[in-house]
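J.: Protein chains in written order, with my numbering: chain A, -9 to 99; chain B, 192 to 306. For every residue, glycine included, the Cβ atom is placed at its ideal position computed from N, Cα and C. Let me begin by handing over the structure; questions about it come next.
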Amino acid sequence: RKEVEQDPGPFNVPEGATVAFNCTYSNSASQSFFWYRQDCRKEPKLLMSVYSSGNEDGRFTAQLNRASQYISLLIRDSKLSDSATYLCVVRDSSYKLIFGSGTRLLVRP
Amino acid sequence: EPEVTQTPSHQVTQMGQEVILRCVPISNHLYFYWYRQILGQKVEFLVSFYNNEISEKSEIFDDQFSVERPDGSNFTLKIRSTKLEDSAMYFCASSVGPFDYQPQHFGDGTRLSIL
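What follows is the structure, given as structure tokens:
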């Protein structure tokens, strides 16, 4: 089983749409959870950390379900500039980040 | 906003040669990392470094690889006797600490092409 699993997409949505991405992780001892964004051939950029109670940052909402080992990201009112690959990232008890393969989002005018 | 900087942006090297990839982490950060991403694949952890020693390394980080902090600002990844399969994007990252509220910030990467 992959350590961090994501639907590769692409999700093709119109501007203004709401879109949700899901992610599952295999290690129940995982401690920290993040969503990173990666544009084509660029570095991963931290979008937001994911906390147990769920958290929101503007148009972005992240949820964590430890029992199901499931993380989600909701993007409301999609913008053209949201087009990117969204990486689900997990950290276990060590220092390293474990990346999913990413979900590609295309927002069309 | 402080950034992690990496040089060169693109390195082309003949198979079998040695390469050194350079990184300048954010100045008050204490933890340093190297990751790589083969084209079309996911980002993979290579090594973490703290207090002038390796704190963790992956199976990928074999004897071909080494890291060094030669002075107070640079953090380098050396790959000896490069192979075709070493072609990838190499990202340096740094963080203040190892905890989840101290996220890792990535440089814009070095694209390594082995011919």
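From this set, A:ASP(-3), A:GLU(-7) and A:GLY6, which residue's C-alpha is nearest A:SER71's C-alpha?
T.: Position 81 of the first sequence holds residue 71 of chain A. Here the closest residue by C-alpha is A:GLY6.
J.: Closer than 8 Å is the cut-off here; do at least three beta carbon pairs connect the stretch 61 to 80 of chain A with the stretch 196 to 215 of chain B?
T.: Result no; under three Cβ-Cβ pairs closer than 8 Å.
J.: In chain order, what residues of the same chain lie with their CB nearer than 6 Å to the CB of B:PHE236, ignoring the 5 residues before and after it?
T.: Translated into the one-based positions of the second sequence, residue 236 of chain B becomes position 45. Excluding positions up to five away in sequence, the list reads TYR226 and SER249.
J.: Distance cutoff 8 Å, beta carbons only. Does A:TYR85 sit that close to anything in chain B?
T.: Working through the first sequence from its first residue, we reach residue 85 of chain A at position 95. Cβ-Cβ to chain B under 8 Å: yes for A:TYR85.
J.: So what's B:LEU303 in DSSP terms, helix, strand or just coil?
T.: As a working mapping, residue 303 of chain B is identified with position 112 in the second sequence. Here B:LEU303 sits in strand by DSSP.
J.: Mind checking B:ILE211: buried by the 16 CB within 10 Å criterion, or exposed?
T.: Sequence index remark: in the second sequence, residue 211 of chain B carries index 20 (1-based). Answer is exposed; the Cβ neighbour count stays below 16.
J.: Run down chain A in chain order and give the residues with a C-beta less than 9 Å from the C-beta of B:SER257.
T.: The sequence position of residue 257 of chain B within the second sequence is 66, counting from 1. Here the premise fails: no neighbours, minimum Cβ distance about 18 Å.
J.: Mind pulling the chain B residues with CB within less than 8 Å of A:PRO34?
T.: Mapped onto the first sequence, residue 34 of chain A falls at position 44. Within 8 Å Cβ-Cβ: VAL234, PHE282 and PHE297.
J.: Run through chain B and tell me which residues come within less than 8 Å of A:SER91, C-beta to C-beta.
T.: Working through the first sequence from its first residue, we reach residue 91 of chain A at position 101. Chain B residues near A:SER91: GLN232 and LYS233.
J.: Give me, in chain order, the residues of the same chain whose beta-carbon lies closer than 6 Å to that of A:ASN12; leave out the 5 immediate sequence neighbours on both sides.
T.: One-based indexing of the first sequence puts residue 12 of chain A at position 22. Here the set comprises SER62.
J.: DSSP puts A:LYS69 in a beta bridge; with which residues?
T.: On the first sequence, position 79 is the one that residue 69 of chain A refers to. Beta-bridge pairing links A:LYS69 to no other residue.
J.: So, with DSSP's three-state summary, where would you put B:LEU275?
T.: Here residue 275 of chain B is taken as the residue at index 84 of the second sequence, counted from 1. B:LEU275: helix per DSSP, three-state reduction.
J.: May I ask which residues mark the beginning and end of the beta strand (DSSP E) holding A:LEU54?
T.: Counting from one through the first sequence, the residue named residue 54 of chain A turns up at place 64. Element bounds for A:LEU54: 50 to 55.
J.: Any beta carbon from chain B within less than 8 Å of A:SER39's own beta carbon?
T.: Reading the first sequence from its first residue, position 49 is the one you call residue 39 of chain A. Output row for A:SER39: interface = yes.
J.: Just the chain A side, please: which residues come within less than 9 Å of B:LYS239 by C-beta, in chain order?
T.: The residue given as residue 239 of chain B occupies position 48 in the second sequence. First, the amino acid is wrong: residue 239 of chain B is Ser here, not Lys. Correct list: SER84, TYR85 and LYS86.
J.: Span of the beta strand (DSSP E) holding A:MET38?
T.: Indexing the first sequence from 1 puts residue 38 of chain A at position 48. Residues 35 to 40.
J.: I'd like the span of the beta strand (DSSP E) that includes B:TYR241, first residue to last.
T.: Looking up residue 241 of chain B in the second sequence gives position 50. Per DSSP, B:TYR241 belongs to the beta strand (DSSP E) from 234 to 241.
J.: Measure from the alpha carbon of A:LYS35 to the alpha carbon of each residue in B:GLY300, B:HIS296 and B:CYS283, then state which is nearest.
T.: If you number the first sequence from 1, residue 35 of chain A lands on position 45. Comparing Cα-Cα distances from A:LYS35 to each of B:GLY300, B:HIS296 and B:CYS283, the minimum goes to B:HIS296.
J.: Look at the alpha carbon of B:PHE290 and the alpha carbon of B:ASN219, and state the distance between them as a whole number of angstroms.
T.: Position 99 of the second sequence, counted from the start, is the residue given in the question as residue 290 of chain B. Position 28 of the second sequence, counted from the start, is the residue given in the question as residue 219 of chain B. The alpha-carbon atoms of B:PHE290 and B:ASN219 are separated by roughly 15 Å.
J.: Is any beta-carbon of chain A found at less than 8 Å from that of B:ASP300?
T.: Working through the second sequence from its first residue, we reach residue 300 of chain B at position 109. Inspection of the sequence shows that residue 300 of chain B is occupied by Gly rather than by Asp. Output row for B:GLY300: interface = yes.
J.: Between B:SER286 and B:GLN293, how many whole angstroms is the CB-CB distance? I'm expecting something under 8 Å.
T.: Translated into positions along the second sequence, residue 286 of chain B becomes position 95. Translated into positions along the second sequence, residue 293 of chain B becomes position 102. Right, their Cβ atoms sit about 5 Å apart.
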